[in-house]
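See below for the structure under consideration.
Protein chains: 2
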Amino acid sequence: MASDNTELPHPAREDLQLTNVLFALSDPERLTIVRQLASGPLEMAQCHLSDPSMPKSTKSHLMKVLREAGVIRNESLGRGRRLSIRHDDLEARFPGLIGSVLAASADD
Amino acid sequence: MASDNTELPHPAREDLQLTNVLFALSDPERLTIVRQLASGPLEMAQCHLSDPSMPKSTKSHLMKVLREAGVIRNESLGRGRRLSIRHDDLEARFPGLIGSVLAASADD
DNA sequence: TTATTTGTTCGAAAATATTCGAACCATCAG
DNA sequence: CTGATGGTTCGAATATTTTCGAACAAATAA
Chain A
1 MASDNTELPH PAREDLQLTN VLFALSDPER LTIVRQLASG PLEMAQCHLS DPSMPKSTKS
61 HLMKVLREAG VIRNESLGRG RRLSIRHDDL EARFPGLIGS VLAASADD
Chain B
1001 MASDNTELPH PAREDLQLTN VLFALSDPER LTIVRQLASG PLEMAQCHLS DPSMPKSTKS
1061 HLMKVLREAG VIRNESLGRG RRLSIRHDDL EARFPGLIGS VLAASADD
């Protein structure tokens, strides 16, 4: 095959926009996702939402917003997806930001 | 007069929600406002937006979102309004957050 | 091959946010 | 009092997000 159809587009580090990142993190459901990824990469199927009955298309959309903002990485892995926080890129562009958000969201 | 009609409601420190704060900061125009307040309180009339022709009702609405999220304080002062960042409250609830946002937004 | 698991994408409906004029209110100057 | 300045609030139009079913696609299991 000529191209890998399963890889999704990710913004380059230098294209990350602070307001996009803040917006992506400003939704409780999306923040829940990011918190689960804080301790390390996770397969999407193991990443649970507050509402377990949420349709997969909605879950996919939440991931899309986070990915397009540059908050998470979404790679094809076997049958599913491997999700991870783009720590290095976020830290390089917005030092301390993701850390303070995660720390603040810890005590809820 | 029995009550001061000119004072607007502000959420208490313990009621500040991280996602509300992130959302308020996720708009470029609102972030511009907050950046101007970073160096100290400002009278609203001296707080300029990127678009100088923006109607005052729109400007007032931007301030409302920031105030209701608990990011800024909006007090009546003489004929106008005195705006300030709620540094202490933000720092108490979300340590380091506002600082990293301001630092990240500095180099744009 | 066929079926199952795991997700993405599309399109339309519903929910939210934004924008802005008009009306209104308070303060200060004259 | 009258007018000018500085701002809030309301309502309606517009724009953006969110939600979710249906259709599709890739990888694995049987």
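Quick note, the sequences are listed as chains A and B, same order. Here the first sequence stands for residues 1 to 108, numbered as in our numbering. Here the second sequence stands for residues 1001 to 1108, numbered as in our numbering. No residue lacks a Cβ here, since even glycine has one placed at the ideal position from N, Cα and C. Values in this document were obtained by computation on a predicted structure and should not be read as measured data.
Applying a beta-carbon distance threshold of less than 8 Å, which residues of chain A neighbour residue 1028(B)?
Along the second sequence, one-based indexing puts residue 1028(B) at 28. Within 8 Å Cβ-Cβ: 19.
How many Å lie between residue 47(A) and residue 33(A) at the Cα?
For the purposes of this step, residue 47(A) is taken as residue 47 along the first sequence, with counting starting at 1. For the purposes of this step, residue 33(A) is taken as residue 33 along the first sequence, with counting starting at 1. If you take the alpha carbons of residue 47(A) and residue 33(A), they lie about 7 Å apart.
Length of the line joining the Cα atoms of residue 1001(B) and residue 1077(B)
Here residue 1001(B) is taken as the residue at index 1 of the second sequence, counted from 1. Here residue 1077(B) is taken as the residue at index 77 of the second sequence, counted from 1. Reliability fails at residue 1001(B), whose pLDDT of 46 lies under 50, so the model's placement of it is uncertain and the value that follows must be treated cautiously. Going from the Cα of residue 1001(B) to the Cα of residue 1077(B) covers about 17 Å.
Beta carbon proximity, residue 1105(B) to chain A, threshold 7 Å
As a first step, residue 1105(B) must be located in the second sequence, where it is residue number 105. Judged by the 7 Å Cβ criterion, residue 1105(B) is in contact with chain A.
Rounded distance between the beta-carbons of residue 1018(B) and residue 105(A), thought under 8 Å
Sequence index remark: in the first sequence, residue 105(A) carries index 105 (1-based). Sequence index remark: in the second sequence, residue 1018(B) carries index 18 (1-based). So it is a contact: roughly 6 Å between Cβ atoms.
Do the stretch 94-102 of chain A and the stretch 51-59 of chain A make contact, defined as three or more Cβ pairs closer than 8 Å?
At 8 Å Cβ cutoff, the stretches do not touch.
Chain-ordered chain B contacts of residue 34(A) [CB-CB under 7 Å]
One-based indexing of the first sequence puts residue 34(A) at position 34. Result: empty, since nearest Cβ-Cβ is about 11 Å, beyond 7 Å.
Taking only the alpha-carbon atoms, compute the straight-line gap between residue 1064(B) and residue 8(A) and give it to the nearest angstrom.
Indexing the second sequence from 1 puts residue 1064(B) at position 64. Indexing the first sequence from 1 puts residue 8(A) at position 8. Approximately 38 Å, taken between the alpha carbons.
Give, in chain order, every unbroken run of the beta strand (DSSP E) that is at least 3 residues long and sits entirely within the stretch 40-97 of chain A.
The qualifying runs are 72-77, 80-85.
Looking at C-alpha atoms only, which residue of 69(A), 84(A), 93(A), 68(A) is the closest neighbour of residue 42(A)?
The residue labelled residue 42(A) in the question sits at position 42 within the first sequence. Taking only the C-alpha atoms, the option nearest residue 42(A) is 84(A).
So, is residue 70(A) buried or exposed, given that buried needs 16 or more other C-beta atoms within 10 angstroms?
Taking the first sequence and counting its residues from 1, one reaches residue 70(A) at position 70. Taking all protein chains in view, the Cβ of residue 70(A) is crowded by 16 or more other Cβ atoms within 10 Å, so the residue is classified as buried.
So residue 1090(B) and residue 1038(B) are supposed to be a Cβ contact under 8 Å. How far apart are they, rounded?
Within the second sequence, residue 1090(B) is the residue found at index 90, counting from 1. Within the second sequence, residue 1038(B) is the residue found at index 38, counting from 1. About 12 Å separates the beta carbon of residue 1090(B) from that of residue 1038(B), a gap too long to meet the 8 Å contact definition.
State yes or no: is the beta carbon of residue 70(A) nearer than 7 Å to at least one beta carbon in chain B?
Position 70 of the first sequence, counted from the start, is the residue given in the question as residue 70(A). Contacts with chain B at 7 Å (Cβ-Cβ) do not include residue 70(A).
Using a Cβ-Cβ cut-off of less than 9 Å, list which residues of the stretch 1075-1104 of chain B approach chain A; keep chain order.
Listed in sequence order: 1093, 1094, 1095, 1096, 1097, 1098, 1099, 1100, 1101, 1103, 1104.
Coarse secondary structure for residue 105(A), derived from DSSP in three states:
What you label residue 105(A) is simply residue 105 of the first sequence in a count that begins at 1. Helix, per DSSP.
In whole angstroms, give me the CA-to-CA distance for residue 1109(B) and residue 1087(B).
The structure shown does not extend to residue 1109(B), since chain B spans only 1001 to 1108, so no value can be given for it.
Test: residue 1022(B) CB closer than 7 Å to a CB of chain A:
By one-based count along the second sequence, residue 1022(B) stands at place 22. Answer yes: the Cβ-Cβ gap between residue 1022(B) and chain A drops below 7 Å somewhere.
With residue 1007(B) as the anchor, note down where its alpha helix (DSSP H) starts and where it stops.
The sequence position of residue 1007(B) within the second sequence is 7, counting from 1. For residue 1007(B), there is no enclosing alpha helix (DSSP H), as DSSP marks it with neither H nor E.
Please list the partners that residue 1031(B) has in chain A, where partner means a Cβ-to-Cβ separation under 7 Å.
In the second sequence, counting from the first residue as 1, residue 1031(B) sits at position 31. Within chain A, the residues near residue 1031(B) are 19.
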